[in-house]
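Colleague:
There are 2 protein chains.
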Amino acid sequence: MTLTLVSIGLSSHMDLSLRAIEAARRADVVYAETYTMRLETTPRLLGETIGRPVQPLTRGLMEEEADELLREAENRDVAILVGGDALTATTHISLVIDAARRGVPVKIVHGGSIFTAVAETGLSLYKFGRTVTVPLPEKGPVDTVIRTLRDNREQGLHTLILLDLDEPKKRYLTINQAIERLEETGEFSMDTLLVAVARLGSENQVIKADTAMNLKSQDFGDPSHTIVAPGRLHFMEEEALKVLAGCPPELLSGRKVQGEVDTLIEKYGVGCRRVLRELKPNPLPKTINKARVDGMLDHVNRYLDDAEYYRGENSPVALTSVAYAEGVLDALKLLGLVEFEW
Amino acid sequence: MTLTLVSIGLSSHMDLSLRAIEAARRADVVYAETYTMRLETTPRLLGETIGRPVQPLTRGLMEEEADELLREAENRDVAILVGGDALTATTHISLVIDAARRGVPVKIVHGGSIFTAVAETGLSLYKFGRTVTVPLPEKGPVDTVIRTLRDNREQGLHTLILLDLDEPKKRYLTINQAIERLEETGEFSMDTLLVAVARLGSENQVIKADTAMNLKSQDFGDPSHTIVAPGRLHFMEEEALKVLAGCPPELLSGRKVQGEVDTLIEKYGVGCRRVLRELKPNPLPKTINKARVDGMLDHVNRYLDDAEYYRGENSPVALTSVAYAEGVLDALKLLGLVEFEW
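So the sequences go chain by chain: A and B. First residue of the first sequence? That's 3 in the working numbering, and the numbers climb one at a time after it. First residue of the second sequence? That's 3 in the working numbering, and the numbers climb one at a time after it.
(1) Looking at chain B, is there any beta carbon in it that lies within less than 7 Å of the beta carbon of residue 128 of chain A?
(2) Compare the Cα-Cα distances from residue 80 of chain B to each of B:322, B:30, B:119 and report the closest residue.
(3) What is the DSSP secondary structure of residue 1 of chain A, counted as helix, strand or coil?
(4) What did DSSP end up calling residue 106 of chain B once you bin it into helix, strand or coil?
(5) My understanding is that residue 324 of chain B touches residue 274 of chain B, with C-beta atoms under 8 Å, so please give their C-beta distance in whole angstroms.
(6) By Cβ distance below 8 Å, which residues in the same chain neighbour residue 74 of chain B in space, the five residues on each side in sequence not counted?
(7) Along the chain, where does the beta strand (DSSP E) containing residue 33 of chain B start, and where does it finish?
(8) Got a sec, what are the start and stop residues for the beta strand (DSSP E) residue 323 of chain B sits in?
(9) For residue 295 of chain B, which residues of its own chain have a beta-carbon under 8 Å away from its beta-carbon, when the five flanking residues on both sides are left out?
(10) Just the chain B side, please: which residues come within less than 9 Å of residue 262 of chain A by C-beta, in chain order?
(11) For residue 78 of chain A, name the three-state secondary structure that DSSP assigns.
(12) Could you please give the first and the last residue of the uninterrupted beta strand (DSSP E) stretch that includes residue 6 of chain A?
(13) Can you list the alpha helix (DSSP H) stretches of 4 or more residues lying completely in the region 154 to 239 of chain B, in chain order?
(14) Let me make sure I understand the geometry here. Which of A:54, A:49, A:48, A:92 has the alpha-carbon closest to that of residue 64 of chain A?
(15) Could you pull out every residue in the same chain whose Cβ sits closer than 8 Å to the Cβ of residue 223 of chain B, ignoring the five residues on either side in sequence?
(16) Strictly under 7 Å for the Cβ-Cβ distance: is residue 160 of chain A near chain B by that measure?
(17) Quick one: which unbroken alpha helix (DSSP H) runs of 4-plus residues sit fully inside the region 229 to 312 of chain B? Chain order, please.
(18) Can you give me the Cβ contacts of residue 225 of chain A inside the same chain, cut-off strictly under 6 Å, excluding the 5 residues immediately before and after it?
(19) Within 10 Å of its beta-carbon, does residue 87 of chain A have 16 or more other beta-carbons around it, so buried, or fewer, so exposed?
(20) Mapping the DSSP letters down to three states, classify residue 96 of chain B as helix, strand or coil.
(21) Below 8 Å on the Cβ atoms is my guess for residue 243 of chain A versus residue 124 of chain A; work out the distance and round it to an integer in Å.
(22) Is there contact here, the region 104 to 114 of chain A with the region 3 to 14 of chain A, by at least three beta-carbon pairs under 8 Å?
(23) For a cutoff of 7 Å on Cβ pairs, would you count residue 236 of chain A as touching chain B?
(24) Mind listing which residues of the region 281 to 314 of chain B have their C-beta closer than 7 Å to chain A's C-betas, in chain order?
(25) Just how far apart, CA to CA, sit residue 46 of chain A and residue 105 of chain B?
(26) Just checking: is the beta-carbon of residue 131 of chain B within a distance shorter than 7 Å of some beta-carbon in chain A?
(27) Starting from residue 135 of chain B, trace the beta strand (DSSP E) both ways and give me its first and last residue.
(28) At a cut of 8 Å, does the region 326 to 333 of chain A reach the region 287 to 307 of chain A through at least three beta carbon pairs?
(29) Could you work out which residue in A:160, A:306, A:66, A:59 is closest to residue 259 of chain A when comparing CA atoms only?
(30) Scan the region 5 to 18 of chain A for residues whose Cβ lies nearer than 9 Å to a Cβ of chain B and list them as they occur along the chain.
(31) Out of curiosity, what's the CA-to-CA distance linking residue 214 of chain A and residue 165 of chain A?
(32) Taking a Cβ distance cut-off of 7 Å, strictly less, list which residues of the region 56 to 89 of chain B are near chain A, in chain order.
(33) Considering only C-alpha positions, which residue in the set A:234, A:28, A:20, A:343 is nearest to residue 78 of chain A?
(34) Measure the alpha-carbon distance for residue 254 of chain A versus residue 197 of chain A and round it to whole angstroms.
(35) For the alpha helix (DSSP H) containing residue 24 of chain A, name the first residue and the last one.
(36) When the distance is taken between beta carbons, is residue 115 of chain A closer than 7 Å to residue 135 of chain A?
What follows is the structure, encoded as structure tokens:
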């Protein structure tokens, strides 16, 4: 028999597709997994829409429960309704792998997801990097969020920041709480441009771009909440943020998303150029002639040219060139052949 | 009045959600934009599903046509059916911005998309980097694809590779053609593990993981085709690729996704350590004492330690440390104070 994961989509039973309804109707038994995300619906409303009773999976999809479901799917057609697009959650992929291992055929019916619906912010889906979740305070620190934001910014990419929830306890991390958690690390600038997204896909959705500081004090109402951290912005994305997300224009003018690597290249490069201008030659030992030292300074100059040439190409050549140049200059200084200050 | 972009979803009219059908029914006029992706449906079938006539936008959504639609939307409720999730295509975002600028209220109804449905490969959606499209040969080179693959691999991220199409001419880039285009650059290894994805979300979808070389010669049938290039793999993702995508296990055992930066750090680091072991001191000039040169070699050693410590932390410190160490060693050599070969 078959296990079918049926995506509910973004928000409620209204987001069920005809394919989803048909798949659920054909199954011998229909469950709803409502732990992974918050939905504006209930098993009863889902059941009325499908025209079949829908049983809530009260204990989620943890190992034991998954095992029971898979045993059932060996003998009957089992459909499980899940929020969003079915395989965005790791637990669902894990269930599918287990089913395939047991020889239970698996079918997925797809639906809308926050992963693509965030395009309503006006940010291009092509330019998103790794996605990350801000955990509830008791579930762990936000180090990974900080690191992911840094890595994506390094590449100029946007970051989708999902906010954790504990559905049985009806606890949903808000945009405000998530920003506070980031602020508390001391490694997150409150001037960062963010896009606050609330209840996306429902009738009363809100999308608002502003600084972390300004968003922190606003009330975005009921869950679920999400945040997007924009990376480098194309002209059209800037327009979209203004028009679709009410972004204050002054936050965009002259905004420069510069990664750590760019900053280092700039810093080292400027420093080396200045040193080349200012350095004073000391009297040389007899065995070292002036042409040799001048040749090395030329060598440094060429490496700095390379660094500038390759900069912005997102190539490690720029960074290694400038660090190498610094090494050569430092060696000349440490040997007392030239004098300068960094 | 209103402009509503109504997502059709992944494949056909069966993927329309109840919300989508309702939104289209309420509009005064319903169009279908069928240029952006290939769908297994027609305006007639969409119309029958919705219960309203659906007019194909025969000239797509280029500027002039967009202008006409927006003028119409100023006076009537206009719905446009679009494949996938509505705002994955740049032209659709552009239309929405123009509408908002004219004061035409815009509504988006979301649906399934290849961007999240690729989770059926078993690869975690959280770990995808920038998305890229392989253009049809006449539309341009594949440099951007090569660069994006490199950048994502550098971060250990997966890459969704969309394949270009020319719907009016019924031309659809196949997996085979796309791999050939990459091969022709000479900058793409045919040993690369890829996941071929054909007709995802339809009844006869195919998902197959193998090397680029092996996939190039297989026939994946009708469009549309997509490719995913896996980055670093979590244990569960490896399992999923085997079970869900038929990946030959030998392609996964010992697979090492190493970015360019890791490779450089390793290469430079090993080289510098060897030089430190093998270098021969030359007689020193009177003004340079041995302790100073030994101190500098210690200095190099500490920088190499730093490089090893920070390696894998995805931090530029590792790369700059090792390049700096190389600069110091080269300076000592160029000054004739030590002898070694790189």
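The beta carbon of each residue, even a glycine, is placed where N, CA and C say it ideally should be. This structure is a prediction, so every number in the text was calculated from the model and none was measured.
Modeller: Per the coordinate set shown:
(1) Chain B, which has a Cβ nearer than 7 Å to the Cβ of residue 128 of chain A, makes this yes.
(2) B:30 is the residue among B:322, B:30, B:119 whose C-alpha sits nearest the C-alpha of residue 80 of chain B.
(3) There is no way to answer for residue 1 of chain A, as the model of chain A reaches only from 3 to 344.
(4) Here residue 106 of chain B sits in coil by DSSP.
(5) Between the beta-carbon of residue 324 of chain B and that of residue 274 of chain B there is about 7 Å, and that keeps the pair under the 8 Å contact cut.
(6) Cβ neighbours of residue 74 of chain B beyond the five flanking positions: 31, 80.
(7) Here the beta strand (DSSP E) through residue 33 of chain B covers 31 to 35.
(8) Where residue 323 of chain B is concerned, there is no enclosing beta strand (DSSP E), although the alpha helix (DSSP H) it sits in stretches over 318 to 336.
(9) Counting only Cβ-Cβ distances below 8 Å, and skipping sequence neighbours, we find 283, 286, 334, 339, 340.
(10) Under the 9 Å cutoff, chain B gives 317, 318.
(11) Residue 78 of chain A falls in the coil class under three-state DSSP.
(12) 5 to 11 is the span of the beta strand (DSSP E), which, as asked, contains residue 6 of chain A.
(13) 177 to 186, 214 to 218, all fully within the region 154 to 239 of chain B.
(14) Between residue 64 of chain A and the set A:54, A:49, A:48, A:92, the nearest pair of CA atoms involves A:92.
(15) The residues are 200, 201, 206, 208.
(16) Taking Cβ atoms only, chain B never reaches closer than 7 Å to residue 160 of chain A, which makes this a no.
(17) Here the runs fully enclosed are 237 to 247, 262 to 280, 292 to 312.
(18) 40, 174.
(19) Residue 87 of chain A comes out buried.
(20) DSSP places residue 96 of chain B in the helix class (H, G or I) of the three-state scheme.
(21) A Cβ-Cβ distance of about 5 Å is found for the pair residue 243 of chain A and residue 124 of chain A, placing them in contact under the 8 Å criterion.
(22) Output reads yes: the region 3 to 14 of chain A touches the region 104 to 114 of chain A.
(23) Interface residue (Cβ-Cβ distance to chain B less than 7 Å): residue 236 of chain A is not classified as such.
(24) Only 287, 288, 289, 290, 294, 298 from the region 281 to 314 of chain B bring a Cβ to less than 7 Å from some Cβ of chain A.
(25) Computed Cα separation, rounded: 39 Å.
(26) Yes - at least one Cβ of chain A is within 7 Å of the one on residue 131 of chain B.
(27) It spans 134 to 136 - the beta strand (DSSP E) in which residue 135 of chain B sits, taken as one unbroken run.
(28) Yes: the two stretches touch, three or more of their Cβ pairs being nearer than 8 Å.
(29) Of the listed residues, the one whose Cα sits closest to residue 259 of chain A is A:160.
(30) If the cut-off is 9 Å between Cβ atoms, the region 5 to 18 of chain A has 9, 11, 12, 13, 14, 15, 16, 17, 18 near chain B.
(31) Cα to Cα, residue 214 of chain A sits roughly 15 Å from residue 165 of chain A.
(32) Taking a C-beta cut-off of 7 Å against chain A, the contacting residues of the region 56 to 89 of chain B are 87, 89, listed in chain order.
(33) With respect to the C-alpha of residue 78 of chain A, the residue from A:234, A:28, A:20, A:343 having the closest C-alpha is A:28.
(34) A direct Cα-to-Cα measurement between residue 254 of chain A and residue 197 of chain A gives close to 13 Å.
(35) Its alpha helix (DSSP H) spans residues 20 to 28.
(36) No. Outside cutoff.
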